[in-house]
Amino acid sequence: TLVGNLKLEKRTLLKCLDISNCRSEHVLVEVLASCYSLEKLCLIDSRLESINMNDLTVQNGQTLQVLNMINCRGLLNLDMMKPLIDNCVQLKELNLRDVRITKEAIDYLVTNLTPGIEGLSLSGLGHLIGDNEIKILVSRCKNLSSLDLRSTGIRDYGLTAIIENLQDTLENLNVADTSISSVALEQL
Numbered sequence: 023t024l025v026g027n028l029k030l031e032k033r034t035l036l037k038c039l040d041i042s043n044c045r046s047e048h049v050l051v052e053v054l055a056s057c058y059s060l061e062k063l064c065l066i067d068s069r070l071e072s073i074n075m076n077d078l079t080v081q082n083g084q085t086l087q088v089l090n091m092i093n094c095r096g097l098l099n100l101d102m103m104k105p106l107i108d109n110c111v112q113l114k115e116l117n118l119r120d121v122r123i124t125k126e127a128i129d130y131l132v133t134n135l136t137p138g139i140e141g142l143s144l145s146g147l148g149h150l151i152g153d154n155e156i157k158i159l160v161s162r163c164k165n166l167s168s169l170d171l172r173s174t175g176i177r178d179y180g181l182t183a184i185i186e187n188l189q190d191t192l193e194n195l196n197v198a199d200t201s202i203s204s205v206a207l208e209q210l
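Residue numbers (our numbering): 23 to 210.
Written out as structure tokens, the structure is:
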């Protein structure tokens, strides 16, 4: 519990920040505004509308490697996705499980995500992630070693694209609660 006001006037030297479940928009904004060299950021259950994604990613885009946004409240739209993808060029892991996201933001993500990404979770995004999105994503991001597609719209065609493009790197794949056939899974 924080008593009083939080006012950070200097830049922090934080490399890793977990500010999950933060209920105070003021605290969230104040702490993130002071960070300029984050490598890992965990925002589980945070309010997206409180975050100035452009400022956050300009300040930390060259250093941020891991971003966990599981179950963030609010809508991740194209205006928030563009700076995240454009500025975070060192990103190795991105977790968007159960985030409310627009189709435009997904389309931007799959066509522009840094090719060096190694771990990605799009779990729970339902019909927004299908075979076409996966084909585009895996044809560009060939370093993926972990891919979580649980509860998405992926089918056999998408799994074939994964097999063709990620056979040398993929170590973890979650396709539970999808429409992939057992015949296609045997190919895996």
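For each residue, glycine too, the CB sits at the ideal point set by N, CA and C.
For Thr200 and Lys32, the gap between their C-alpha atoms comes out near 47 angstroms. For Pro137, the closest C-alpha among the options Leu118, Val111 and Gly96 is that of Val111.
Judged by beta-carbon spacing, Leu65 lies beyond the 9 angstroms limit of Leu35, meaning their Cβ atoms are not closer than that value. Contact annotation: the segment 102–111 does not touch the segment 50–57, with fewer than three C-beta pairs closer than 8 angstroms. Sorting Ile128, Cys44 and Ile202 by C-alpha distance to the C-alpha of Ala183 places Ile202 at the top.
Relative to the Cα of Lys164, the nearest Cα in the group Glu186, Thr85, Ile176 and Arg172 belongs to Glu186. Between Leu169 and Leu195, the C-beta spacing is below 9 angstroms.
For Ser161, the enclosing alpha helix (DSSP H) begins and ends at Asp153 to Arg162. Distance from the CA atom of Asn154 to the CA atom of Asn99, rounded to whole angstroms, is 20 angstroms. The continuous alpha helix (DSSP H) containing Lys125 extends over residues Lys125 to Asn134. By the Cβ-count criterion, Val121 is buried, with 16 or more other Cβ atoms from all chains shown falling within 10 Å of its own Cβ. When secondary structure is reduced to three states using DSSP, Val121 falls in the coil class, being assigned neither helix nor strand. Around the beta carbon of Thr133, a 10 Å sphere encloses fewer than 16 other beta carbons of the protein chains shown; the residue is thus reported as exposed. In this chain, the beta strand (DSSP E) harbouring Lys62 covers Lys62 to Cys64. Cys94 counts as buried, since no fewer than 16 other beta carbons sit within 10 angstroms of its beta carbon.
For Val49, the enclosing alpha helix (DSSP H) starts and ends at Glu47 to Ala55. Closest option to Gln189, judged by alpha-carbon separation, among Leu210, Val53, Ser68 and Gln81: Leu210.
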